[in-house]
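The structure under discussion appears below in the form of structure tokens.
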Amino acid sequence: MLRNITLNNIDEELARYKEVTQAEFEQLLSFPERFVYFDVLINIQHGSISKQDTYSDTTLVIKNEPGHFRKLKFGHQYDNHNYQVEIYKSLRQADELTIQLLFVLCSLIIFFMLSFYFLNRFVAMRSLEDFFDIISKIRHFQVDKKENLELPQTDVDEFEQLNTVLGQKTDQVRVDYFNLKEFTENASHEIQTPLAIISTKLEQMFQDSSLNERQLMTLATIQEAVNRLSKLNKGLLLLTKIENNQFGETQPIKIEEIVQQQLDNLDEFIENRKINVETSLKNQIEVELNPYLTELLIFNLLKNAIRHNIDEGRLIISLNENTLSIQNQGADVALDVERIFERFSKGSHSKSMGLGLAIVKKVCDVYGIHLDYDFGDGFHKMFLSFPKRIKEF
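Residues in the sequence shown are numbered from 4 upward in steps of one, following my numbering.
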């Protein structure tokens with residue numbers, strides 16, 4: 004488009020030179036066949052008269068340098084002689100002007116695009132300030148706290164509707180949360196109380212010397228079932244509390260110390276099975292966790308590794324960088340990774356509640372700890388990768 008405009012201007016200029024040439028033709032005949040006239044090149048030759056003027060682009064070599072020109076070719080009759088006249092106008096300035104205009108045009112387009120982008124971004128950010136405030140409030144909202152969700156006031160109707168809906172839903176979630184919390188606590192208490200009474204009565208009955216061996220075995224079976232039910236109730240209650248994030252207090256925990264403490268707690272269990280414990284706790288690290296849940300996490304993993312070990316088997320514990328590895332010998336077949344962390348997944352030990360690894364998985368999920376299982380060389384391997392390392396010694 005710019006080039007067409009430029010060529011039209013040049014063609015108009017060539018047309019004016021045509022009029023000048025025709026007016027001063029007699030004088031121009033005295034010049035050489037090709038000569039420079041002002042800023043154009045004129046070539047006059049004898050020849051037939053063209054029916055119409057023609058405009059075209061051409062290339063001329065002047066002083067051994069090719070150049071682009073616009074040419075006007077027309078016929079002229081003078082003194083009963085026919086002439087072909089060619090007027091050439093250099094396109095160099097026109098090309099330079101076109102490039103400059105294109106540069107200016109592109110610069111303006113880029114300027115307006117950037118201006119539109121930043122203006123649009125500025126307007127969007129201003130209009131979305133209330134939205135980001137709402138997001139910030141929601142992000143810091145904790146369902147287990149008594150404080151209500153205080154959302155900022157806004158003049159945008161859509162955001163005001165969002166505030167209303169969020170307020171209603173968070174209130175409902177809080178009510179449901181505290182109702183569930185109260186129910187689990189009450190249910191646990193109400194179940195534990197009769198279980199404690201049954202257990203006490205059973206202990207009293209065991210003191211009755213008139214009972215025969217068969218009756219004592221029956222009472223022992225009942226006592227075992229009561230104990231299992233009590234442990235199951237406590238385990239399910241613990242899982243519920245973990246899921247509801249009721250263990251919020253955290254502090255820096257030294258993993259190496261927790262491992263050593265739990266090994267000491269399980270020392271008798273280890274000796275009874277004659278387990279050979281090998282530890283390689285090279286790195287002592289601190290992580291931000293709840294103390295009770297950390298002890299429970301390590302205890303359950305170690306107890307599981309001992310319980311499922313073979314007699315006189317090996318238990319290898321290592322701590323490298325931010326990963327705790329617990330390996331034990333056992334059944335020469337890999338466990339089902341999709342099921343071992345599910346509730347009531349007991350394996351071959353029917354006396355187990357099947358909640359130990361489920362609790363481990365739940366604690367890991369709450370604190371973002373990566374839990375992985377592998378089997379190789381006759382060893383079942385559990386890996387704990389802690390996401391945030393506070394300090395390494």
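Glycine included, every Cβ here is placed at the ideal spot set by N, Cα and C. Computed from a prediction, not measured in an experiment: that's the story for all the values here.
{"query": "Which of helix, strand or coil DSSP assigns to Ile47", "result": "strand"}
{"query": "Spatial distance of Arg276 from Glu150 (CA atoms)", "result": "52 Å"}
{"query": "Range covered by the beta strand (DSSP E) that runs through Lys74", "result": "68 to 81"}
{"query": "Terminal residues of the beta strand (DSSP E) in which Arg383 lies", "result": "The sequence shown places His at residue 383, not Arg. Run containing His383: 382 to 388, per the beta strand (DSSP E) assignment."}
{"query": "Length of the line joining the Cα atoms of Thr101 and Asn11", "result": "13 Å"}
{"query": "The alpha helix (DSSP H) enclosing Gln30, as first and last residue numbers", "result": "28 to 31"}
{"query": "Three-state secondary structure (DSSP) of Ile320", "result": "strand"}
{"query": "Alpha-carbon spacing of Tyr81 relative to Asp56, whole angstroms", "result": "17 Å"}
{"query": "From Asp375, Val229, Gln218, Leu75, residue whose alpha carbon lies closest to that of Asp60", "result": "Leu75"}
{"query": "Outcome for Ile113 when other beta-carbon atoms lying within 10 angstroms are tallied against a minimum of 16", "result": "exposed"}
{"query": "The stretch 355 to 375 / the stretch 299 to 318 touching (three or more Cβ pairs under 8 Å)", "result": "yes"}
{"query": "Whole-angstrom C-beta distance between Asn312 and Gln332, which should lie under 8 Å", "result": "6 Å"}
{"query": "Sub-8 Å separation of Leu300 and Val363 beta-carbons", "result": "yes"}
{"query": "Bounding residues of the beta strand (DSSP E) (the contiguous stretch that carries Asn279)", "result": "279 to 284"}
{"query": "Asp398 versus Asp380: straight-line alpha-carbon distance, rounded", "result": "Since the first residue shown for the chain is 4 and the last is 396, residue 398 is missing from the structure and cannot be characterised."}
{"query": "For Leu117 and Val96, the rounded distance between their alpha carbons", "result": "The amino acid occupying residue 96 in the given sequence is Gln; Val does not appear at that position. Each residue's alpha carbon lies about 31 Å from the other."}
{"query": "Selection from Phe250, Gln48, Glu298 that minimises the alpha carbon distance to Glu259", "result": "Glu298"}
{"query": "Boundaries of the alpha helix (DSSP H) in which Asp375 is found, first to last residue", "result": "Per DSSP, Asp375 belongs to no alpha helix (DSSP H); it is in the beta strand (DSSP E), 373 to 379."}
{"query": "Beta-carbon contacts of Leu397 that lie in its chain and below 7 Å, excluding the five residues immediately before and after", "result": "Absent from the model: residue 397. The displayed extent of the chain is 4 to 396, so no value can be given."}
{"query": "Three-way DSSP call (helix, strand, coil) for Ser2 in this model", "result": "Look at the range of the chain in this structure, 4 to 396, and you will see that residue 2 is not part of it."}
{"query": "Uninterrupted alpha helix (DSSP H) stretches inside the stretch 80 to 137 (no shorter than 4 residues)", "result": "none"}
{"query": "Coil, strand or helix - Ser59 by DSSP", "result": "strand"}
{"query": "Touch test, the stretch 123 to 135 against the stretch 152 to 159, Cβ-Cβ under 8 Å, three pairs minimum", "result": "yes"}
{"query": "Outcome for Gln398 when other beta-carbon atoms lying within 10 angstroms are tallied against a minimum of 16", "result": "The question about residue 398 has no answer here: the residues shown for the chain are numbered 4 through 396."}
{"query": "Rounded Cβ spacing between Asn247 and Asp147 (contact assumed at less than 8 Å)", "result": "7 Å"}
{"query": "Span separating the alpha-carbon of Glu16 from that of Ile8", "result": "13 Å"}
{"query": "Secondary structure of Lys257, DSSP reduced to three states", "result": "strand"}
{"query": "Distance CB(Phe77)-CB(Ser53) smaller than 8 Å", "result": "yes"}
{"query": "Cβ contact check for the stretch 171 to 188 and the stretch 201 to 209: 3 or more pairs under 8 Å", "result": "no"}
{"query": "C-beta contact flag for Leu63 and Tyr91 at 8 Å", "result": "yes"}
{"query": "Runs of beta strand (DSSP E) lying entirely within the stretch 205 to 263, each at least 3 residues, in chain order", "result": "254 to 257"}
{"query": "Three-state class that DSSP yields for Glu345 in the structure shown", "result": "coil"}
{"query": "Endpoints, the beta strand (DSSP E) within which Ile273 is located", "result": "From DSSP, Ile273 is part of no beta strand (DSSP E) but of the alpha helix (DSSP H) over 270 to 276."}
{"query": "Per-residue DSSP class, three states only, for Ile200", "result": "helix"}
{"query": "Asp267 versus Gln330: straight-line alpha-carbon distance, rounded", "result": "18 Å"}
{"query": "Length of the line joining the Cα atoms of Glu281 and Ser388", "result": "20 Å"}
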